[in-house]
Structure formats: C-alpha cells, structure tokens
Amino acid sequence: MLDCHPKQTEMLSASHEELITPESCPSRPIEKNKLFVDEFELTTVSIPMALPVDCRECSKTYGMHILQTPDKSWKNWLIARTM
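Just so you know, we're using my numbering here: the sequence shown kicks off at 182 and counts up by one.
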C-alpha cells in the first residue's frame with residue numbers, strides 16, 4: 182500500500198473505475214475555431230518558456246482532462262495546457 186494523502190488515494194482508486202463516456206452535443210460553437218492537419222505547420226506553434234531563468238519549454242504541458250462531479254451530475258472533457 183502506498184503512503185499517500187487521502188485525496189491522492191481517492192484519485193488513484195478512481196483510475197480503476199468505469200470510464201466516462203463522452204456525450205456529443207448537436208451544436209458546438211467551438212468547432213468554428215478548429216484547424217485541420219493541412220491548415221497549419223506544427224513547427225510554427227509557439228511554445229512559451231516556463232521561466233526565463235530555467236529555459237524549460239512547456240511543450241509537454243498539454244493534456245486531456247476529463248472531469249466529473251462526485252454525484253455525476255456534470256462532466257467536462259477538455260484539452261488544455263496546465264503547469
């Protein structure tokens with residue numbers, strides 16, 4: 182057994198639960214802001230530096246986050262950059 186904070190234990194145990202199925206929305210205003218693979222060059226995407234003194238790139242800070250309230254009344258899927 183890992184020696185974890187109770188919240189960490191709760192989060193780790195959630196990794197064994199049933200996956201949350203995404204819900205499709207009939208109209209998605211955000212889709213007007215999408216680009217397809219032939220519409221941009223990946224090497225031109227700007228990557229900010231975390232701090233000028235450490236020069237570490239933030240390219241690995243993008244991720245998919247799937248969130249759900251404990252009572253399962255609300256869920257959200259998002260792709261975001263977090264640090």
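Even for Gly, the Cβ is constructed at its ideal location relative to N, Cα and C. All figures in this text were calculated on a predicted structure; none of them were measured in a lab.
Trp-255 to Lys-213, Cα distance in whole Å?
24 Å
Whose C-alpha, out of Ile-201, Asp-184 and His-186, is nearest the C-alpha of Gln-249?
Ile-201
Identity of the residue in Phe-217, Asp-252, Val-218 and Pro-203 nearest His-246 by Cα:
Considering only alpha carbons, the answer is Pro-203.
Ignore the nearest five residues each way along the sequence and tell me which others in Leu-259's own chain have a CB closer than 6 Å to its CB.
Excluding residues within five positions, the ones whose Cβ falls inside 6 Å are His-246.
Lys-188, enclosing alpha helix (DSSP H) - first and last residue:
187 to 195
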